[in-house]
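Contents: one structure, followed by commentary.
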Amino acid sequence: DKPNGFIIRDREYKYEYDPIDGYEALFRVPDRLANRLECTSEEKDKVHYFRELRKNIFEPRWNAYDALEKLYHDFLFTESFLSADLANADAVEPVPVDNLTTDLVWGDKWRKIKAYLWAAPWISEPKPLHFSCEVRPGRYLLALHLFSNTDVLDHPSSMVRVRVMKEEHARDVHYTTDKDWGVPYGLSEVGVVDVPDGKFEIEVHAGDAPYWSVIGGFRLTLAETVEATADLPDDEQLQDQLRALGYL
Numbered sequence: 001d002k003p004n005g006f007i008i009r010d011r012e013y014k015y016e017y018d019p020i021d022g023y024e025a026l027f028r029v030p031d032r033l034a035n036r037l038e039c040t041s042e043e044k045d046k047v048h049y050f051r052e053l054r055k056n057i058f059e060p061r062w063n064a065y066d067a068l069e070k071l072y073h074d075f076l077f078t079e080s081f082l083s084a085d086l087a088n089a090d091a092v093e094p095v096p097v098d099n100l101t102t103d104l105v106w107g108d109k110w111r112k113i114k115a116y117l118w119a120a121p122w123i124s125e126p127k128p129l130h131f132s133c134e135v136r137p138g139r140y141l142l143a144l145h146l147f148s149n150t151d152v153l154d155h156p157s158s159m160v161r162v163r164v165m166k167e168e169h170a171r172d173v174h175y176t177t178d179k180d181w182g183v184p185y186g187l188s189e190v191g192v193v194d195v196p197d198g199k200f201e202i203e204v205h206a207g208d209a210p211y212w213s214v215i216g217g218f219r220l221t222l223a224e225t226v227e228a229t230a231d232l233p234d235d236e237q238l239q240d241q242l243r244a245l246g247y248l
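Note that my numbering has the sequence shown beginning at 1, numbered continuously upward.
Given below as structure tokens:
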């Protein structure tokens with residue numbers, strides 16, 4: 001739920017800050033990826049100006065917004081999340097490739113390719129993934145971040161099998177669409193789960209052949225907020241959120 005970073009700009013400069021690793025940089029505008037003009041070392045006064053703006057204005061407002069009760073929580077499979085909330089981190093192995101191939105040696109591990117974990121069940125079955133994370137006690141709608149494509153190297157995507165809160169039976173989750181390779185990511189609903197003690201547990205298994213199993217995380221949404229009468233925040237919630245961000 002934390003921001004990926006801050007970007008602040010005016011007509012002359014673009015300031016970037018990443019709270020994860022402390023990365024900070026200043027660029028002249030227009031800022032184009034093919035020809036970036038970094039001026040962090042030359043424009044120290046400007047860097048200081050934007051840094052103070054971030055610390056004194058934007059970060060406090062974000063923190064105030066972040067302190068409000070969340071309607072949903074995304075748990076994405078970032079490096080930090082996997083190291084902190086995955087009980088058996090040895091079941092995942094990063095793969096530094098841009099293009100997927102069937103030449104990968106799959107074995108009993110999931111392969112982390114960019115933001116998603118991949119498995120090829122028709123080749124081998126990886127170890128189940130065991131996640132445990134803290135949420136407010138209550139009832140939630142669980143959805144999975146999955147990759148969907150009808151034909152990835154002659155196999156459809158995606159299918160996984162999950163067991164939540166130590167249920168006796170696992171649930172099969174399919175997410176297959178006819179989208180092309182460009183925009184095949186989305187959420188697939190699993191169902192409602194009760195988390196009475198605030199400790200959410202989920203076990204992720206690979207699906208069945210011929211499907212790829214590709215998952216990038218999961219989302220927990222407070223069940224009462226997805227009822228027909230509560231699709232959107234009420235006026236008071238909306239006012240609180242806008243006020244926390246400094247718009248009111």
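Where a beta carbon is used, it is the ideal one built from N, C-alpha and C, also for glycine.
Selection from the options that minimises the alpha carbon distance to residue i
{"i": "Trp212", "options": "Asp21, Leu141, Arg111, Leu26", "result": "Arg111"}
{"i": "Gly107", "options": "Ala87, Ala115, Pro128", "result": "Pro128"}
{"i": "His130", "options": "Glu201, Pro96, Pro19", "result": "Glu201"}
{"i": "Ala87", "options": "Val204, Ala120, Ala209", "result": "Val204"}
{"i": "Pro121", "options": "Ser157, Glu79, Glu93", "result": "Ser157"}
{"i": "Asp74", "options": "Leu144, Ala209, Val160, Asn63", "result": "Leu144"}
{"i": "Ile123", "options": "His155, Glu93, Phe147", "result": "His155"}
Under 8 Å between C-beta atoms of residue i and residue j
{"i": "Tyr17", "j": "Arg54", "result": "yes"}
{"i": "Phe27", "j": "Tyr13", "result": "yes"}
{"i": "Gln220", "j": "Tyr140", "result": "Before going further, note that residue 220 is Leu rather than Gln in the sequence given. Yes, Cβ-Cβ distance for Leu220 and Tyr140 is below 8 Å."}
{"i": "Ala206", "j": "Glu125", "result": "yes"}
{"i": "Phe58", "j": "Ile8", "result": "yes"}
{"i": "Val214", "j": "Trp118", "result": "yes"}
Neighbourhood of residue i by C-beta, 8 Å cutoff - its chain only, sequence neighbours within 5 removed
{"i": "Pro196", "result": "Pro137"}
{"i": "Val192", "result": "Arg139, Tyr140, Leu141, Leu142, Ala223"}
{"i": "Asp85", "result": "Phe75, Phe131, Ser132, Cys133"}
{"i": "Thr229", "result": "With a pLDDT of 39 at Thr229, under the threshold of 50, the modelled position of that residue is not reliable, and no figure is offered here."}
{"i": "Pro184", "result": "Phe147, Ser148, Asn149, Ser157, Thr177"}
{"i": "Arg171", "result": "Arg161, Val162, Arg163, Val164, Val190, Gly191"}
Contacts around residue i, its chain only, beta-carbon distance under 6 Å, and the 5 residues preceding and following it disregarded
{"i": "Ala115", "result": "Gly216"}
{"i": "Asp194", "result": "Arg139"}
{"i": "Tyr15", "result": "Ile8, Leu26, Phe50"}
{"i": "Phe218", "result": "Phe75, Leu144"}
Beta-carbon proximity list for residue i, same chain, < 7 Å, skipping 5 on both sides
{"i": "Gly198", "result": "Glu134, Val135, Arg136, Pro137"}
{"i": "Trp181", "result": "Any reading at Trp181 needs caution, since the residue's pLDDT is 45, under 50, leaving its predicted position unreliable; the model's value is listed next. Cβ neighbours of Trp181 beyond the five flanking positions: Asn149."}
{"i": "Val95", "result": "Leu104, Arg111, Lys112, Ile113"}
{"i": "Glu167", "result": "none"}
{"i": "Thr225", "result": "Leu71"}
{"i": "Lys179", "result": "Its pLDDT being 48, under 50, Lys179 is placed unreliably by the model, and nothing is read from it."}
Cβ distance (whole Å) where residue i is taken to contact residue j below 8 Å
{"i": "Ala91", "j": "Lys109", "result": "6 Å"}
{"i": "Val160", "j": "Val152", "result": "Their Cβ separation, rounded to whole angstroms, is 15 Å, which puts Val160 and Val152 out of contact at 8 Å."}
Which parts of the region 66 to 97 are runs of the alpha helix (DSSP H), unbroken and 4 residues or longer, counting only runs that do not cross its ends?
-> 79 to 85
Pick out the complete beta strand (DSSP E) segments inside the region 145 to 205, 3 residues or longer, and give them in chain order.
-> 149 to 152, 155 to 157, 159 to 164, 171 to 174, 185 to 195
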